[in-house]
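Structure first, commentary second.
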């Protein structure tokens with residue numbers, strides 16, 4: 001079997017593009033409609049996607065508070081995915097959750113529960129939740145510094161993994177005759193005492209079906225890359241062109257190798273926002289139609305929201321350039337990325353938000369079925385991507401286009417599965433099930449005897 | 001329409017009785033089987049129960065760590081209920097969550113999400129999570145003092161309610177033509193600054209379908225009663241006899257009245273563990289059969305676990321009396337209740353755990369269909385109960401018995417519904433939808449103009 005493209009689907013009910021909710025075929029209440037999310041999950045499963053992915057924010061900040069922002073309110077991702085899991089059978093669910101504002105015990109527990117009830121289809125996208133607006137919902141005035149957030153994240157992830165391992169896979173006996181339900185020698189305290197957390201354990205949920213839910217990361221800063229290389233199994237990333245994606249791909253794979261991990265077990269999946277038509281012209285008209293729906297104040301608010309409130313453009317002329325940067329402790333990687341796009345294209349503020357509105361810094365592909373498939377194939381074959389996180393700009397139309405038009409073309413080229421390979425998210429992604437260190441050390445002792 | 005009995009179903013997959021998992025017809029892995037919980041939910045809905053209720057614990061402590069404890073691991077309740085919601089249409093879901101170890105923003109968000117995706121069927125059982133074993137999973141050595149936990153709980157509940165109210169019901173416009181998605185004048189910061197929390201808001205989930213998920217409480221201590229009278233709409237409680245239940249009922253209703261609330265909008269639902277037979281003899285043999293399955297060490301561990309680890313009976317003879325109490329900061333009400341039972345009956349340790357194993361301090365009814373219905377009717381007609389939280393001692397058998405035998409008898413007597421009255425949990429319980437204070441004050445201003 002040759003290597004195949006892996007695919008995530010980023011499907012917030014309100015759509016990816018800032019004006020997606022205004023699209024004639026989009027439900028205006030998609031962001032808060034459970035029925036619509038159910039339909040999206042079922043379409044993604046029909047398209048044989050590996051996973052449904054949702055970002056998350058712990059405040060109304062994302063995209064600004066202006067009246068046109070359809071992303072201002074929605075579902076908490078783990079709760080939503082739990083509800084979608086029994087309505088699907090193979091699709092994975094990658095939920096975003098914060099290491100800065102959640103406790104390891106609580107987080108380990110809800111992801112272990114999601115993995116258990118979905119029969120091994122859970123993934124955790126680890127984020128550190130930038131922005132003072134979020135901090136103010138959690139007893140703080142300002143967010144912790146960037147480096148401190150990442151230091152805490154590393155300790156958090158290790159603690160969560162230790163909690164998932166606190167039960168060995170064979171700890172449960174459940175012998176009705178003897179009355180022994182579990183083997184106390186196969187359940188272990190965690191006894192973590194670190195700089196940020198102190199957690200005794202064990203967890204009160206069995207070891208997840210997958211061993212660990214799949215650990216996902218998306219940081220692009222130096223701190224983010226370091227965390228990803230040390231802990232992540234899937235990395236979402238945003239690049240505007242092949243060479244930038246290749247630089248990132250090679251850098252991460254080298255870091256992973258240096259960390260003593262197998263680079264094949266860390267999948268790099270850049271985001272792609274596809275506008276697909278039967279012809280290039282049809283695709284281009286879909287692209288323009290959506291951009292025409294952006295309300296200018298919403299566009300400006302989007303730029304600020306995307307950078308965690310560190311890029312306030314109020315008062316600057318829309319048809320002038322981006323003002324000079326101030327150093328902040330906000331979302332460093334996002335602000336740098338946005339400035340790079342503006343510089344490369346010589347964009348005004350208006351042109352910039354139109355560009356960003358589509359894909360928020362991810363790669364926008366506008367073209368015929370063959371052209372879109374060509375782009376994906378080029379990135380996949382040239383060390384830029386192990387797969388892609390597909391961000392349909394509006395819903396359900398752009399997802400339907402991808403599933404009905406692009407997926408069959410990728411299959412024809414032998415680049416994508418024609419049926420799910422496995423039962424769990426991990427099996428479909430081709431990632432190994434983590435061994436339990438407690439079980440491993442018991443095996444080592446027995447082997448030595 | 002005359003007043004009807006309200007019914008909750010307490011259905012942990014492992015059963016209520018400590019030896020429930022050893023029952024021949026119980027699945028040994030019920031506690032961690034999603035399919036089994038789905039079956040229980042569907043049976044409860046067939047029985048027209050108001051709600052499925054689950055307790056919760058933030059450590060493996062409950063019931064002890066001995067090898068016979070089937071309750072040592074299970075699902076996180078909100079995650080589980082989210083998955084069950086789309087598989088049912090009328091059944092409510094009351095999940096327990098902690099004010100001591102969760103943040104108001106996170107908690108408000110997940111319950112609002114559960115309410116949204118279930119179309120208004122969520123309830124929150126407010127607990128303060130006793131026990132040092134739990135504290136040690138959350139960066140502490142010992143738990144906060146009893147009074148401090150309750151003080152924090154009160155501030156927590158108020159903050160959560162304010163977050164649920166941060167969006168007015170009609171805040172969403174979603175006008176595709178103008179691009180206005182919401183009315184910024186109808187979304188409000190919370191700006192809470194208290195002793196325990198500081199939360200800016202607004203929440204990033206719309207106001208729940210029910211206004212607020214139904215707020216449930218179960219504290220029986222003085223602090224617990226005060227909190228319940230101030231904030232709860234449903235109160236779960238444990239009583240061994242009619243007069244004790246009446247005392248509690250009258251005390252709470254009087255406190256509610258003094259707090260300026262309508263006593264009819266606070267439902268008191270004692271726990272009842274029913275062993276039902278076609279004859280009394282059949283019921284009694286079901287009772288004895290289950291008690292014969294208890295492993296002694298598990299019985300002793302149960303008593304300690306129930307009191308948050310404050311009743312360590314290791315080394316005391318099983319056929320001797322309960323040793324004298326030490327004052328603790330643990331679960332005051334639970335320890336007092338357990339001692340009272342031992343005193344009243346003159347129980348040895350063994351007799352005590354056998355008694356407790358069945359219902360953990362709740363009322364055990366063993367009898368024919370008519371006898372069980374008589375007991376419920378007596379309590380309901382004599383100011384002891386507005387309804388009951390039914391705790392089937394083993395599953396699925398004792399739930400099936402109740403649904404197939406007792407429910408029809410209660411319906412024949414006109415004491416229980418024959419179809420769901422409403423669409424939401426609140427409507428079925430006969431509780432009003434809370435008004436939004438922001439909308440109310442706007443109405444008052446308009447009326448004055």
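Protein chains in written order, with the UniProt record's numbering: chain G, 1 to 449; chain S, 1 to 449. C-beta atoms are modelled at their ideal positions from N, C-alpha and C, and glycine is treated no differently.
Cα-Cα separation between residue i and residue j, rounded to whole angstroms
| i | j | result |
| --- | --- | --- |
| residue 115(G) | residue 225(G) | 26 Å |
| residue 298(G) | residue 73(G) | 15 Å |
| residue 404(S) | residue 188(G) | 43 Å |
| residue 165(S) | residue 126(G) | 30 Å |
| residue 351(G) | residue 296(G) | 11 Å |
| residue 309(S) | residue 130(S) | 9 Å |
| residue 84(S) | residue 76(S) | 13 Å |
| residue 290(S) | residue 446(G) | 40 Å |
| residue 21(S) | residue 294(S) | 10 Å |
| residue 260(S) | residue 420(G) | 60 Å |
| residue 402(S) | residue 17(S) | 16 Å |
| residue 101(S) | residue 265(S) | 28 Å |
| residue 411(S) | residue 418(S) | 7 Å |
| residue 105(G) | residue 287(G) | 44 Å |
| residue 247(S) | residue 4(S) | 21 Å |
| residue 285(G) | residue 359(G) | 17 Å |
| residue 377(G) | residue 122(S) | 46 Å |
Of the listed residues the options, nearest to residue i (C-alpha basis)
| i | options | result |
| --- | --- | --- |
| residue 344(G) | 201(G), 219(G), 241(G) | 241(G) |
| residue 31(G) | 19(G), 15(G), 46(G), 24(G) | 15(G) |
| residue 476(G) | 38(G), 133(G), 364(G) | Examination of residue 476(G) is not possible in this model, given that chain G is present from 1 through 449 alone. |
| residue 397(S) | 228(S), 105(S), 23(S) | 23(S) |
| residue 94(G) | 204(G), 137(G), 214(G), 155(G) | 214(G) |
| residue 357(S) | 9(S), 60(S), 45(S), 69(S) | 69(S) |
| residue 233(S) | 29(S), 217(S), 221(S), 223(S) | 217(S) |
| residue 464(S) | 204(S), 258(S), 9(S) | Since the displayed chain S opens at 1 and closes at 449, residue 464(S) lies outside it and no answer follows. |
| residue 156(G) | 137(G), 173(G), 185(G), 196(G) | 196(G) |
| residue 385(G) | 434(G), 368(G), 394(G), 363(G) | 363(G) |
| residue 354(S) | 230(S), 123(S), 411(S), 393(S) | 393(S) |
| residue 9(S) | 400(S), 423(S), 19(S) | 400(S) |
| residue 369(G) | 279(G), 101(G), 55(G), 249(G) | 279(G) |
| residue 300(S) | 39(S), 128(S), 321(S) | 321(S) |
| residue 160(S) | 175(S), 205(S), 117(S), 395(S) | 205(S) |
| residue 34(G) | 45(S), 117(S), 80(S) | 117(S) |
| residue 99(S) | 108(S), 38(S), 91(S) | 108(S) |
| residue 146(G) | 371(G), 219(G), 390(G), 79(G) | 219(G) |
DSSP beta-bridge partners of residue i
| i | result |
| --- | --- |
| residue 270(G) | 237(G) |
| residue 6(S) | 387(S) |
| residue 180(S) | 175(S) |
| residue 316(G) | Answer by DSSP bridge pairing: none, since residue 316(G) is not bridged. |
| residue 192(G) | 199(G) |
| residue 92(G) | 51(G) |
| residue 78(G) | DSSP lists no partner for residue 78(G). |
| residue 187(S) | 167(S) |
Cutoff 8 Å; reference residue i; Cβ partners in own chain excluding five residues on either side
| i | result |
| --- | --- |
| residue 202(S) | 163, 166, 167, 187, 188, 189, 190 |
| residue 436(S) | 165, 168, 169, 207, 211 |
| residue 407(S) | 47, 48, 416 |
| residue 303(S) | 311, 313, 338, 349, 352, 353, 356 |
| residue 325(G) | 335, 339 |
Residue i CB to nearest heavy atom of the ligand GDP below 7 Å
| i | result |
| --- | --- |
| residue 302(G) | The model on display carries no ligand, and the ligand GDP is accordingly not part of it. |
Cut-off 7 Å between Cβ atoms - residues of its own chain near residue i, not counting five sequence neighbours on either side
| i | result |
| --- | --- |
| residue 200(S) | 189, 190, 191 |
| residue 173(G) | 180, 181, 182, 183 |
Cβ-based neighbour list, residue i, same chain, cut-off 6 Å, excluding 5 preceding and 5 following
| i | result |
| --- | --- |
| residue 334(S) | 306, 307 |
| residue 28(G) | 21 |
| residue 253(S) | 263 |
| residue 238(S) | 271, 361, 362 |
8 Å Cβ cutoff, residue i in contact with chain B
| i | result |
| --- | --- |
| residue 195(S) | Among the chains of the structure shown, chain B does not appear; the protein chains present are G and S. |
Length-filtered (4 minimum) alpha helix (DSSP H) runs lying within the stretch 331-368 of chain S: As far as the stretch 331-368 of chain S is concerned, its whole alpha helix (DSSP H) runs of at least 4 residues are 332-345, 349-359.
Which parts of the stretch 97-154 of chain S are runs of the beta strand (DSSP E), unbroken and 3 residues or longer, counting only runs that do not cross its ends? DSSP runs (the beta strand (DSSP E)) wholly in the stretch 97-154 of chain S: 122-127.
In chain order, each beta strand (DSSP E) run of at least 3 residues that lies wholly inside the stretch 198-234 of chain S: With a minimum length of 3 residues, the continuous beta strand (DSSP E) runs that stay inside the stretch 198-234 of chain S are 214-217.
Only counting runs of 4 or more residues, tell me where the alpha helix (DSSP H) segments fall wholly within the stretch 246-308 of chain S, in order along the chain. With a minimum length of 4 residues, the continuous alpha helix (DSSP H) runs that stay inside the stretch 246-308 of chain S are 280-291, 296-306.
Of all the beta strand (DSSP E) runs that stay within the bounds of the stretch 18-69 of chain G, which reach a length of 3 or more residues? Within the stretch 18-69 of chain G, the complete beta strand (DSSP E) segments at least 3 residues long are 51-54, listed from N- to C-terminus.
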